[in-house]
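Sequential numbering of the sequence shown, starting at 15, is according to the working numbering.
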Amino acid sequence: MNAPTIKDVANAAGVSVATISRVLSNPDLVKPATKEHVLQIIKEMNYQPNVLARQLRTQTTRAVIVIVPNIENSFFHGILSGIGTEAERQGYQMLIADLKSQPSLEKHYIEAIKQRQVDGIISLSANMTQKLETLITERYPLVMVVQCVPNYKIPSVSIDNMAASKALMTHLIRLGHREIAHLTVSPLQMPYQDRLNGYISALEEHKIPVDNELISYGEPAIKGGYDQMWTLLAKQKKFTAVFAAGDTMAIGAMKALKDQGLRVPEDCAVVGFDDIDLSSVWEPAITTIRQPKEMMGRIAFQKLLALMQNEPIAVSQEYLPYELVIRESCGYFL
């Protein structure tokens, strides 16, 4: 059985993690009855506080760790550049934990983070929230990038993914498309959930029925887009346009269409999301949503620095501007 964590003790005692911390570090600030109750729970659960870690956290390592879902995805390179630039300017070292699209590595990196005793964490992974929240209870400052969750306590930097998706869809609809397929990820997670919501919302606002058979789920990669497109084509459902929730999926979809003997955009328009480097040089160039990646990275580190210095953050969930980049793949010139 795993040793109980401070969160386990808090749940058993019916108090907050902060209260447990105060009982351990500043007991005079806690009501006597509450302190007695908490100490009894600690004794019953045989909870052993990590005293050494608490002492180490009073010092600074001048290092932060950035958790990346897959560093091979060029979308993250701009964000990492922004974080690295700002970290260097502030005298911090940036460490990178690459999950390599393998969630099983999450536990490994969490343990490494605990051993390394970094000053703070920036997560670019939509899957890390629950695990990293545990680290927060152990007093690790955390900032999320790429996704913003309304009313969530973790500071974050993102664009409005739902609004951006609606902008893409509205552009396709204005070009005359009504049967529009959507390629997204499985399992569905933020920010892809917001992009799917934007897809559905745009259809509903234009009184276009939502056809669930035109929504496909798969891997957020070129191969994923390729496989999803073949699955859609096999259904023999009519669609004249495809909105891929990521540029890599859009590239895969376009390859599948070409292999089927279909032309983009003459036979089927395709749009993506993220504006990765390949988007502008692919044939045809991909219509997409451009995110201010370096700015996201810089602002994320600034928020983390404020947390590490116990300073207030003016905007906890910060949405940055996005840009609809119209290129040849949507057939804007037809």
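Think of the CB as a built atom: it goes at the ideal place given N, C-alpha and C, for glycine as much as any other residue.
Sequence-distant partners of Met263 (beyond 5 residues in either direction) whose C-beta falls short of 6 Å from its own C-beta, in its chain, are Leu197, Gly238 and Gly239. The beta carbon of Arg304 is closer than 7 Å to those of Asp289, Tyr336, Glu337 and Val339 in its chain, skipping five residues each way along the sequence.
The three-state reading of DSSP puts Ser170 in strand, counting E and B together. With a threshold of 16 other beta carbon atoms within 10 Å, His220 falls short and is exposed. Per DSSP, the beta-bridge partners of Thr301 are Val285.
With 16 or more other CB atoms across the displayed protein chains lying within 10 angstroms of its CB, Asn175 is buried. Contact between the stretch 41-56 and the stretch 263-273 is absent, with fewer than three C-beta pairs closer than 8 Å.
For Tyr240, no beta strand (DSSP E) encloses it; the enclosing alpha helix (DSSP H) starts and ends at Ile236 to Lys249.
Here His196 carries a strand assignment [DSSP, helix/strand/coil]. DSSP, read as helix, strand or coil, puts Glu332 in strand.
Residue pairing for Gln62: DSSP places it in no beta bridge. If the five residues before and after Asp22 are omitted, its C-beta is found closer than 8 Å to the C-beta atoms of Met59 and Tyr61, all from its own chain and listed in chain order.
Distances from the alpha-carbon of Glu233 to those of Ala248, Gln250, Ala258 and Lys251 put Ala258 closest.
Taking the Cα of Met183 as reference, the smallest distance to any Cα among Val278, Ala216 and Ser200 is reached at Ala216. Across the structure, Pro169 and Leu334 are spaced so that their CA atoms are roughly 14 Å apart. About 14 Å separates the beta carbon of Thr48 from that of Val31, a gap too long to meet the 8 Å contact definition. As a beta-bridge residue in DSSP terms, Ala111 pairs with Ile81. For Ala17, the number of other beta carbons within 10 angstroms of its own is below 16, and it is reported as exposed. Note that the stretch 294-314 touches the stretch 87-95; at least 3 beta-carbon pairs, one per stretch, sit closer than 8 Å. Following the DSSP letters along the chain, one finds Ile135 inside the beta strand (DSSP E) bounded by residues Gly134 to Ser137.
Comparing alpha carbon positions, the residue from Thr254, Gly345, Val199 and Met243 closest to Tyr231 is Val199. Shown here, Leu210 sits in a helix according to DSSP, grouped into three states. Shown here, Glu280 sits in coil according to DSSP, grouped into three states, outside any helix or strand. Pairing Ala299 with Val285, the inter-Cα distance amounts to about 10 Å. DSSP places Met158 in the uninterrupted beta strand (DSSP E) bounded by Leu156 to Val159.
Of the candidates Asp281, Leu189 and Asp133, the residue whose Cα lies closest to the Cα of Leu321 is Asp133.
Here Glu337 is bridged, per DSSP, to Arg304.
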